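Peer 1:
Protein chains: 2
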Amino acid sequence: MARMKDSLLPGRARPAQRRDGQGPVAGSGGPRSAGTRRAILAAARSTFAARGYEQTTIRAVAGQAGIDASMVMRYFGSKAGLFTAATTMDLVIPDLAVAPAARRGELIVRHFVDRWEDSSRDDELIALLRTAVTSEAVAAQLQAAVGQLITGPVAALGDDRAAERGALIGAQLLGLALGRYILRLEPLASMAAADVVAAVAPSVQRYLSRPPP
Amino acid sequence: MARMKDSLLPGRARPAQRRDGQGPVAGSGGPRSAGTRRAILAAARSTFAARGYEQTTIRAVAGQAGIDASMVMRYFGSKAGLFTAATTMDLVIPDLAVAPAARRGELIVRHFVDRWEDSSRDDELIALLRTAVTSEAVAAQLQAAVGQLITGPVAALGDDRAAERGALIGAQLLGLALGRYILRLEPLASMAAADVVAAVAPSVQRYLSRPPP
DNA sequence: CACCGTTGCCAACGCTTGTTGGCTTGAGCG
DNA sequence: CGCTCAAGCCAACAAGCGTTGGCAACGGTG
Numbered sequence: 019m020a021r022m023k024d025s026l027l028p029g030r031a032r033p034a035q036r037r038d039g040q041g042p043v044a045g046s047g048g049p050r051s052a053g054t055r056r057a058i059l060a061a062a063r064s065t066f067a068a069r070g071y072e073q074t075t076i077r078a079v080a081g082q083a084g085i086d087a088s089m090v091m092r093y094f095g096s097k098a099g100l101f102t103a104a105t106t107m108d109l110v111i112p113d114l115a116v117a118p119a120a121r122r123g124e125l126i127v128r129h130f131v132d133r134w135e136d137s138s139r140d141d142e143l144i145a146l147l148r149t150a151v152t153s154e155a156v157a158a159q160l161q162a163a164v165g166q167l168i169t170g171p172v173a174a175l176g177d178d179r180a181a182e183r184g185a186l187i188g189a190q191l192l193g194l195a196l197g198r199y200i201l202r203l204e205p206l207a208s209m210a211a212a213d214v215v216a217a218v219a220p221s222v223q224r225y226l227s228r229p230p231p
Numbered sequence: 019m020a021r022m023k024d025s026l027l028p029g030r031a032r033p034a035q036r037r038d039g040q041g042p043v044a045g046s047g048g049p050r051s052a053g054t055r056r057a058i059l060a061a062a063r064s065t066f067a068a069r070g071y072e073q074t075t076i077r078a079v080a081g082q083a084g085i086d087a088s089m090v091m092r093y094f095g096s097k098a099g100l101f102t103a104a105t106t107m108d109l110v111i112p113d114l115a116v117a118p119a120a121r122r123g124e125l126i127v128r129h130f131v132d133r134w135e136d137s138s139r140d141d142e143l144i145a146l147l148r149t150a151v152t153s154e155a156v157a158a159q160l161q162a163a164v165g166q167l168i169t170g171p172v173a174a175l176g177d178d179r180a181a182e183r184g185a186l187i188g189a190q191l192l193g194l195a196l197g198r199y200i201l202r203l204e205p206l207a208s209m210a211a212a213d214v215v216a217a218v219a220p221s222v223q224r225y226l227s228r229p230p231p
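These protein sequence lines are chains A and B, in that order. Quick note, the first sequence lines up with residues 19 to 231 if you use this note's numbering. Quick note, the second sequence lines up with residues 19 to 231 if you use this note's numbering.
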């Protein structure tokens, strides 16, 4: 089998599987050693976030985790499996109904900016965004995340056109993340989080409430 | 010299230069054969846009241009040189002063959306965006583009805080391009261009005119 | 103690990539 | 015709990559 251009695209479901039928499957959640597993995942998250998918090498992740590259393979089956395991976001879905209608835009923006500012966690979003841009499979993953995290709550308010509003809000928020955390557009990158929220929230508020065209 | 992880970062200024002192330098604009040169550039633009920098191989570009990979090297010196030559945007800077103040947001959004919809040209932006996300050098290139195309015209209106307004508008527009053309968030990706302009323009208008925090 | 599964490392395989140098072809010109 | 020079192709190189299989150390259980 060996290297097949390592495309991260579907069709490479589970190539690893040891030849002896028994033993835990490496790909999903084989509990080999919880400590090492966490070390690998932490190293993978930060490296994927810092360098993107293609420029991240399994050897580098292994080195940062203090183990050998073949260990990463045994734990996660493949580079694509490692990426998947490292970027399964724990979805904290905002509940828009708790805020008055006029402040829901601010609630959304604050929710995401606060999350991203916590640098121990925003690695996942950065890694996902860096990779989605060149991988259709990961792009689909991000589409789904936008659907669940944004369009979903909007639809839960009973809004028709929730899909359109969700996509517009998603584009605004992804642009914000791109400009602030990846491209580091100044002065956006060094503004205080509260100022960013204050600047962007009204736009999101308008996407939430504007009448259909 | 050979392969040095092909990082696209600075420091690899001009490695090509034939050993005989004469002859046109390959890197910048050597007029070897105008037709072939254009064919390579067109193939490079579409491939870089479609697959991103790392997943684009010189062999693929050469194949699409109907020539050999070594020809690409002789024309452009290196993969990084090819990318640079393929993504030098011809800046068409919008003049905001021609529109009344209340319609300048619409003017900006329409300017960029119209440009991107012309698929023969938006390849450059897509390629640039796909690559900027994983290359600091190209990210700097995009920063400069935002400065010239957005912050510049805003500043030309005599606005203080132009930098802040420009960065916010840039983030909104880049998010729009990301969602519509790269991630293809629905229904944003299939909306009519005019509807997109109508939806996003008021946000840009507000970034242009909102009072400081 | 003997057995066995786990954890880990080491060395290699096979493949792709950017890049180089030499060869062939063909047109222009004395 | 014979020479030159650009344009092009072919074959190879060196390196890095994901991935694999075998082997050493160790800890628990009979």
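Every residue gets a Cβ at the ideal spot worked out from N, C-alpha and C, and that includes glycine. Keep in mind the model is a prediction, meaning the values are calculated, not measured.
I'd like to know if Ala217 of chain A contacts chain B, where contact means its C-beta is closer than 7 angstroms to some C-beta of that chain.
Peer 2: To locate residue 217 of chain A, count along the first sequence from 1; it is residue 199. For Ala217 of chain A, the answer is yes, since a Cβ of chain B falls inside 7 angstroms of its Cβ.
Peer 1: For Glu124 of chain B and Phe94 of chain B, what's the separation of their Cα atoms in angstroms?
Peer 2: Here residue 124 of chain B corresponds to residue number 106 of the second sequence, with the count starting at 1. Here residue 94 of chain B corresponds to residue number 76 of the second sequence, with the count starting at 1. Roughly 39 angstroms between the two C-alpha positions.
Peer 1: So Val164 of chain A contacts chain B; which residues on that side make the cut at Cβ distance below 9 angstroms?
Peer 2: Taking the first sequence and counting its residues from 1, the one referred to as residue 164 of chain A is at position 146. Neighbours of Val164 of chain A on chain B, chain order: Gly197, Leu201, Leu203.
Peer 1: Measuring only between beta-carbons, confirm whether Glu72 of chain A sits less than 7 angstroms from chain B.
Peer 2: Counting from one through the first sequence, the residue named residue 72 of chain A turns up at place 54. Judged by the 7 angstroms Cβ criterion, Glu72 of chain A is in contact with chain B.
Peer 1: How big is the Cα-Cα spacing for Ser51 of chain B and Phe101 of chain B?
Peer 2: Residue numbering aside, residue 51 of chain B sits at position 33 when the second sequence is read from its first letter. Residue numbering aside, residue 101 of chain B sits at position 83 when the second sequence is read from its first letter. Ser51 of chain B and Phe101 of chain B: Cα-Cα distance of roughly 19 angstroms.
Peer 1: Identify which residue in A:Thr169, A:Ala189, A:Ala163, A:Val127 has its Cα closest to the Cα of Asp213 of chain A.
Peer 2: Counting from 1 along the first sequence, the entry for residue 213 of chain A is found at position 195. Looking at the Cα atoms, A:Val127 is the closest of the given residues.
Peer 1: Any Cβ of chain B within less than 7 angstroms of the Cβ of Gly287 of chain A?
Peer 2: This structure cannot speak to residue 287 of chain A, because chain A is shown only from 19 to 231.
Peer 1: Check whether chain B comes within 7 angstroms of Glu182 of chain A, counting only Cβ atoms and requiring the distance to be less than that.
Peer 2: The residue you call residue 182 of chain A lines up with position 164 of the first sequence. It does; some Cβ of chain B falls within 7 angstroms.
Peer 1: Hey, Pro205 of chain B and Ala185 of chain A are a contact pair by Cβ (cut 8 angstroms); roughly how many whole angstroms apart?
Peer 2: Here the question's residue 205 of chain B lines up with position 187 in the second sequence. Here the question's residue 185 of chain A lines up with position 167 in the first sequence. About 6 angstroms separates the two Cβ atoms, so the contact holds.
Peer 1: Between Ala67 of chain B and the rest of its own chain, which residues show a CB-CB distance below 6 angstroms, the 5 nearest in sequence each way excluded?
Peer 2: Residue 67 of chain B sits at position 49 when you count from the first residue of the second sequence. Correct list, in chain order: Asp141, Ile144, Ala145.
Peer 1: Measuring only the C-alpha atoms, how far is Pro118 of chain B from Glu135 of chain B?
Peer 2: Walking along the second sequence from the start, residue 118 of chain B turns up at place 100. Walking along the second sequence from the start, residue 135 of chain B turns up at place 117. When rounded, the distance between both Cα atoms is 25 angstroms.
Peer 1: What residue does the alpha helix (DSSP H) around Ser88 of chain B start on, and which one ends it?
Peer 2: Locating residue 88 of chain B in the second sequence gives position 70, where the first residue counts as 1. Unbroken alpha helix (DSSP H) run through Ser88 of chain B: 87–94.
Peer 1: Take Ser46 of chain A and list the residues in its own chain whose beta-carbon comes closer than 6 angstroms to its own, dropping the five residues that flank it on each side.
Peer 2: The residue given as residue 46 of chain A occupies position 28 in the first sequence. Because Ser46 of chain A carries a pLDDT of 39, less than 50, the predicted location of this residue cannot be relied on, and no value is offered for it.
Peer 1: Is any heavy atom of the ligand NAD found at a distance shorter than 6 angstroms from the C-beta of Ala104 of chain A?
Peer 2: In the structure shown, the ligand NAD is absent, as is every other ligand, since no ligand is present at all.
Peer 1: According to DSSP, is Glu204 of chain B part of a helix, a strand, or is it coil?
Peer 2: Taking the first residue of the second sequence as 1, we reach residue 204 of chain B at position 186. It is coil, neither helix nor strand.
Peer 1: Helix, strand or coil: which one does DSSP assign to Ala62 of chain A?
Peer 2: In the first sequence, residue 62 of chain A corresponds to position 44, counting from 1. DSSP places Ala62 of chain A in helix when its eight states are reduced to three.
Peer 1: Any idea what DSSP makes of Asp177 of chain B, helix, strand or coil?
Peer 2: On the second sequence, position 159 is the one that residue 177 of chain B refers to. Note: Asp177 of chain B maps to coil in three-state DSSP.
Peer 1: Since Val4 of chain B and Ala189 of chain B should fall inside the 8 angstroms C-beta cutoff, what is the C-beta to C-beta distance between them, to a whole number of angstroms?
Peer 2: Chain B is shown from 19 up to 231; residue 4 of chain B falls before or after that span and cannot be answered.
Peer 1: What do you get for Val222 of chain A, buried or exposed, if any count of 16 or more other CB atoms within 10 angstroms of its CB means buried?
Peer 2: Here residue 222 of chain A is taken as the residue at index 204 of the first sequence, counted from 1. That one is buried.
Peer 1: Taking the alpha-carbon positions, what's the Ala216 of chain B to Leu201 of chain A distance?
Peer 2: Position 198 of the second sequence, counted from the start, is the residue given in the question as residue 216 of chain B. Position 183 of the first sequence, counted from the start, is the residue given in the question as residue 201 of chain A. Going from the Cα of Ala216 of chain B to the Cα of Leu201 of chain A covers about 27 angstroms.
Peer 1: Quick one: grab the DSSP three-state call for Val151 of chain B.
Peer 2: Taking the first residue of the second sequence as position 1, residue 151 of chain B is located at position 133. Of the three classes helix, strand and coil, the one that applies to Val151 of chain B here is coil, per DSSP.
Peer 1: Which residue's Cα is closest to the Cα of Ala104 of chain B: B:Ala80, B:Arg63, B:Ala155?
Peer 2: Here residue 104 of chain B corresponds to residue number 86 of the second sequence, with the count starting at 1. Of the listed residues, the one whose Cα sits closest to Ala104 of chain B is B:Arg63.
Peer 1: By Cβ distance, which residues of its chain are closer than 7 angstroms to Gln82 of chain B, with the 5 residues on each side in sequence left out?
Peer 2: In the second sequence, the residue the question calls residue 82 of chain B occupies position 64. Around Gln82 of chain B: Ala61, Thr65.
Peer 1: Note down the Cα distance separating Val110 of chain A from Leu167 of chain A, rounded to an integer number of angstroms.
Peer 2: Here the question's residue 110 of chain A lines up with position 92 in the first sequence. Here the question's residue 167 of chain A lines up with position 149 in the first sequence. Approximately 8 angstroms, taken between the alpha carbons.
Peer 1: Taking a contact to mean a Cβ-Cβ separation below 7 angstroms, would you say Thr152 of chain A touches Gly70 of chain B in this structure?
Peer 2: On the first sequence, residue 152 of chain A is found 134 positions in, with the first residue counted as 1. On the second sequence, residue 70 of chain B is found 52 positions in, with the first residue counted as 1. Yes; because the gap between Cβ atoms is below 7 angstroms, this pair is in contact.
Peer 1: Give me, in chain order, the residues of the same chain whose beta-carbon lies closer than 7 angstroms to that of Asp177 of chain B; leave out the 5 immediate sequence neighbours on both sides.
Peer 2: For the purposes of this step, residue 177 of chain B is taken as residue 159 along the second sequence, with counting starting at 1. The residues are Arg183.
Peer 1: Shorter than 7 angstroms from the beta carbon of Thr54 of chain A to some beta carbon of chain B?
Peer 2: Looking up residue 54 of chain A in the first sequence gives position 36. Not closer than 7 angstroms to any Cβ of chain B, the Cβ of Thr54 of chain A fails to qualify, so no.
Peer 1: Provide the residue span of the alpha helix (DSSP H) that contains Pro112 of chain B, from first to last.
Peer 2: For the purposes of this step, residue 112 of chain B is identified with residue 94 of the second sequence, where counting begins at 1. First-last for Pro112 of chain B: undefined, no H or E at that position.
Peer 1: Sorted by chain position, which residues of the same chain lie with C-beta nearer than 7 angstroms to His129 of chain B's C-beta, five sequence neighbours on each side aside?
Peer 2: Counting from one through the second sequence, the residue named residue 129 of chain B turns up at place 111. Answer for His129 of chain B: Pro112, listed in chain order.
Peer 1: Roughly how many whole angstroms lie between the Cα atoms of Thr54 of chain B and Ala120 of chain B?
Peer 2: As a position in the second sequence, residue 54 of chain B is number 36, starting the count at 1. As a position in the second sequence, residue 120 of chain B is number 102, starting the count at 1. Going by the C-alpha atoms only, they are around 47 angstroms apart.
Peer 1: Using a Cβ-Cβ cutoff of 8 angstroms, what residues of the stretch 146–161 of chain A are near chain B? List them in chain order.
Peer 2: Cβ contacts with chain B: Leu147, Arg148, Ala150, Val151, Thr152, Ala157, Leu160, Gln161.
Peer 1: Report the rounded CA-to-CA distance for Gly165 of chain A versus Leu114 of chain A, giving the unit in angstroms.
Peer 2: By one-based count along the first sequence, residue 165 of chain A stands at place 147. By one-based count along the first sequence, residue 114 of chain A stands at place 96. C-alpha separation (whole angstroms): 15 angstroms.
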